[in-house]
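Same order as they appear, the protein sequences are chains A and B. All residue numbers for the first sequence refer to our numbering, where the first residue is 730 and numbers rise by one. All residue numbers for the second sequence refer to our numbering, where the first residue is 13 and numbers rise by one. For glycine and all other residues, C-beta sits at the position ideal for the given N, C-alpha and C. All values reported here derive from a predicted model rather than from experimental measurement. Notes for the one structure printed next.
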Amino acid sequence: MSLELKNVNYTYNPGTPMQQVVLQDINVTIEKGEFLAIMGHTGSGKSTLIQHFNALIAPTSGQVLFEGQDVFADGFDKRMLRSRVGMVFQYPEHQLFEETVFEDICFGPRNMKLSEEEVKARAEEAMKLAGVPEIFRERSPFELSGGQKRRVAIAGVLAMKPEYLILDEPTAGLDPGGRDEILDLLKNLHEQSGISIILVSHSMEDIANYAQRILVLNGGRIVLSGTPREVFRHADELSGYGLSVPQAARIMHALKEKGFDVDTDANTVAEAKASILAALAKRGVNVGKAGEADA
Amino acid sequence: MSSIIRTDKLTFEYTRKDEENKVIDTVRAIDEVDLDIEKGDFIAVLGRNGSGKSTLAKHINALLYPSGGTIWVGGMDTKDDAHLWDIRQTAGMIFQNPDNQMVASVIEEDVGFGPENMGVPTEEIWKRVAHSLEAVGMTAYAKKSPNHLSGGQKQRIGIAGVLAMRPQCIVMDEPTAMLDPIGRREVIRTVHELNQNEHITVILITHYMEEAVDADHVFVMEHGKVKLSGTPKEVFSRVEELKRLNMSVPQVTELAYELKKSGVDLPDGILKIEELTEALCHLS
């Protein structure tokens, strides 16, 4: 079970003076159940890349494979693909249009030509999964706050029961509370429902906290790939791509320079804290309430 | 008196009405807020969505009028219609989406749009356009089309357009929310330069605490009220409270707070990496 891009190249307006190469030689396999983050600065090809995954864009050359099958082969059921590989675009709340929240969530499964019973059952389940409060059911989606609207939009995609969920900057424009809600929702979907998450994000801190694997795009190529620890080791290289590492990693590097024996691979506050406390203990610094363990 | 914006029990209520125009719901977006902002200050206003930040901003530019209390901009009461244009010229406004504030197909014309509408003589307009573009570091783009700019560049053009109207104060409502990290840095740097070099009062409304670290004063809003107010150091040392208010704290501040909780002897309100490393060096 996997989603695979094989030798994918994509060029806008090939053969015209406006020709522009957007993706070059992309090879990536996303296994079922992964939490993958894609990062890269604006114009690096992220959005073009993710639209290959559910056949919204066809590669200029190369293949997109879903469970080993070429999705652009004759007779491949793209409608099926798009329900199994769900896509949440940037500002998905702009796509809400129905009169009530519940009807909006029903739109996806209804398009799949399921029975009305099944449509309703799936919408119910999606509402619960996405944490859309019951009292919103009959409300107009336009009355909700930004974060709530985004939940409804995600519920609409979840109602199609996707195995892969691709999200293009799902936290853009949300306040910190809204952002944490959406990220925790993704974490739950990943851990409890086993949905594969493919997250495009600008926030290094969020990526460090949630992703298992990172792809870094620059100029349409995959330039780095690995676990957050592996990728964030390349601070200088990342800054050359207009990206950075989480602040925690920068703190650890600054401490290392000052002679502290700390783990420079620490990317989250919890990791950094543990490492600094250990380093202080080694130096014989008396830590007041030493031994307080709250990992 | 060098205050540029002052409010006295400023209150604003939104009402929801049903089909028969009967009021079914009233929400107090701003609840008796008292502010006094000094000329030349760099002010940051933080708060979660729905806390009343944007409603407050719209009062400074007389886009909204108070339902109760008073707001004075440059000494003028915004309720006094006679001052409307003077107020809008005193306080310029920048919004979230740079695409929504582009009006012309050539950048220098876009920047000149404001002063042109104000009836500024042509020669003076071009002077202002040149100066404004220089102030935001976009002179090289004067003759270009805004179409091919990045988000951060577009936002800087928007700022230049406001600057060309010679405001005393710029109100920015989440100007970086739609930008990538590079664009965010560009815009924040530009705004600080304007504040320092042109002595323009800046009111920056943001979700990003990192952007408020260098402000002179920080206000945190919640349910239409100012919940916390003080220098960045005073406000950001209250990590627990900020988290309760749904604010995200920079990792360095949170880390320092966590270390302190575990008994490490650190000062309050660490906002920058160097502050933390130095404090830790002092311990050993």
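Minimum Cβ-Cβ distance from residue i to chain A less than 7 Å
i	result
Ala-189 (chain B)	yes
Asp-192 (chain B)	yes
Arg-197 (chain B)	no
Met-259 (chain B)	yes
Ala-69 (chain B)	no
Cys-293 (chain B)	yes
Leu-267 (chain B)	yes
His-160 (chain B)	no
Glu-270 (chain B)	yes
Val-298 (chain B)	In the structure as shown, chain B starts at 13 and stops at 296, and residue 298 (chain B) therefore has no counterpart that could be examined.
Ser-157 (chain B)	no
Ser-241 (chain B)	no
Thr-218 (chain B)	no
Test: residue i CB closer than 7 Å to a CB of chain B
i	result
Gln-976 (chain A)	yes
Gly-971 (chain A)	yes
Ile-864 (chain A)	no
Asp-904 (chain A)	yes
Gly-774 (chain A)	no
Ser-731 (chain A)	no
Glu-1021 (chain A)	Only weak support is given to the placement of Glu-1021 (chain A): the predicted model assigns it a pLDDT of 47, under 50, and the question is left unresolved by the model.
Lys-1002 (chain A)	yes
Ala-983 (chain A)	yes
Leu-1014 (chain A)	It should be noted that the sequence gives Val, not Leu, for residue 1014 (chain A). Taking Cβ atoms only, chain B reaches closer than 7 Å to Val-1014 (chain A), which makes this a yes.
Ser-968 (chain A)	no
His-823 (chain A)	no
His-770 (chain A)	yes
Gly-875 (chain A)	yes
Val-998 (chain A)	yes
Ser-930 (chain A)	no
Lys-987 (chain A)	yes
C-beta atoms of residue i and residue j nearer than 7 Å
i	j	result
Lys-126 (chain B)	Ala-56 (chain B)	Note that residue 126 (chain B) corresponds to Gly in the displayed sequence, not to Lys. Not closer than 7 Å, so no.
Ser-1004 (chain A)	Asp-992 (chain A)	yes
His-931 (chain A)	Asp-192 (chain B)	yes
Arg-813 (chain A)	Glu-892 (chain A)	yes
Arg-196 (chain B)	Thr-188 (chain B)	yes
Arg-168 (chain B)	Val-183 (chain B)	no
Gly-163 (chain B)	Ile-42 (chain B)	no
Ala-995 (chain A)	Met-981 (chain A)	yes
Ala-103 (chain B)	Pro-179 (chain B)	yes
Leu-903 (chain A)	Leu-928 (chain A)	no
Thr-789 (chain A)	Thr-745 (chain A)	no
Ala-977 (chain A)	Gln-263 (chain B)	yes
Ser-925 (chain A)	Gly-762 (chain A)	yes
Val-247 (chain B)	Val-225 (chain B)	no
Ile-200 (chain B)	Glu-186 (chain B)	no
Ile-137 (chain B)	Glu-128 (chain B)	yes
Residue i burial status per 10 Å Cβ neighbour count (16 or more: buried)
i	result
Thr-243 (chain B)	exposed
Pro-158 (chain B)	buried
Lys-166 (chain B)	buried
Met-730 (chain A)	exposed
Leu-283 (chain B)	buried
Ala-94 (chain B)	exposed
Ser-249 (chain B)	buried
Met-747 (chain A)	exposed
Gly-815 (chain A)	buried
Gly-1013 (chain A)	exposed
His-219 (chain B)	buried
Ala-84 (chain B)	The question names Ala, but residue 84 (chain B) is Trp in the sequence shown. So Trp-84 (chain B) ends up on the buried side.
Ser-117 (chain B)	exposed
Ala-983 (chain A)	buried
Glu-286 (chain B)	exposed
Arg-28 (chain B)	exposed
CB-CB length for residue i against residue j, believed under 8 Å
i	j	result
His-781 (chain A)	Gly-971 (chain A)	Contact doesn't hold; Cβ gap of about 23 Å is too wide.
Phe-107 (chain B)	His-71 (chain B)	Phe-107 (chain B) to His-71 (chain B), Cβ: 15 Å. No contact.
Leu-752 (chain A)	Gly-774 (chain A)	5 Å
Tyr-939 (chain A)	Phe-764 (chain A)	6 Å
Val-848 (chain A)	Arg-839 (chain A)	5 Å
Thr-19 (chain B)	Val-45 (chain B)	6 Å
Lys-717 (chain A)	Ala-784 (chain A)	With chain A covering only 730 through 1024, there is no way to say anything about residue 717 (chain A).
Lys-987 (chain A)	Thr-289 (chain B)	6 Å
Closer than 7 Å to chain E by CB, residue i
i	result
Ile-980 (chain A)	Structure shown: chain E not included; protein chains present are A and B.
The ligand SAH heavy atom lying under 6 Å from the CB of residue i
i	result
Gly-797 (chain A)	No copy of the ligand SAH appears in this structure; indeed no ligand is present at all.
* **Length at least 3, wholly inside the stretch 797 to 868 of chain A: the beta strand (DSSP E) runs in chain order** => For the stretch 797 to 868 of chain A, whole beta strand (DSSP E) runs of length 3 or above, ordered along the chain, are 814 to 817.
* **Those runs of the beta strand (DSSP E) which lie wholly inside the stretch 752 to 804 of chain A and span at least 3 residues** => Complete beta strand (DSSP E) runs here, min 3: 764 to 768, 790 to 795.
* Runs of alpha helix (DSSP H) lying entirely within the stretch 915 to 977 of chain A, each at least 4 residues, in chain order -> Segments of the alpha helix (DSSP H) lying fully in the stretch 915 to 977 of chain A: 933 to 939, 957 to 961, 964 to 969.
* To do: Would you list, in sequence order, the uninterrupted beta strand (DSSP E) runs of no fewer than 3 residues that lie entirely inside the stretch 86 to 111 of chain B?
  => If we require 3 residues or more, the beta strand (DSSP E) runs fully inside the stretch 86 to 111 of chain B come out as 103 to 106.
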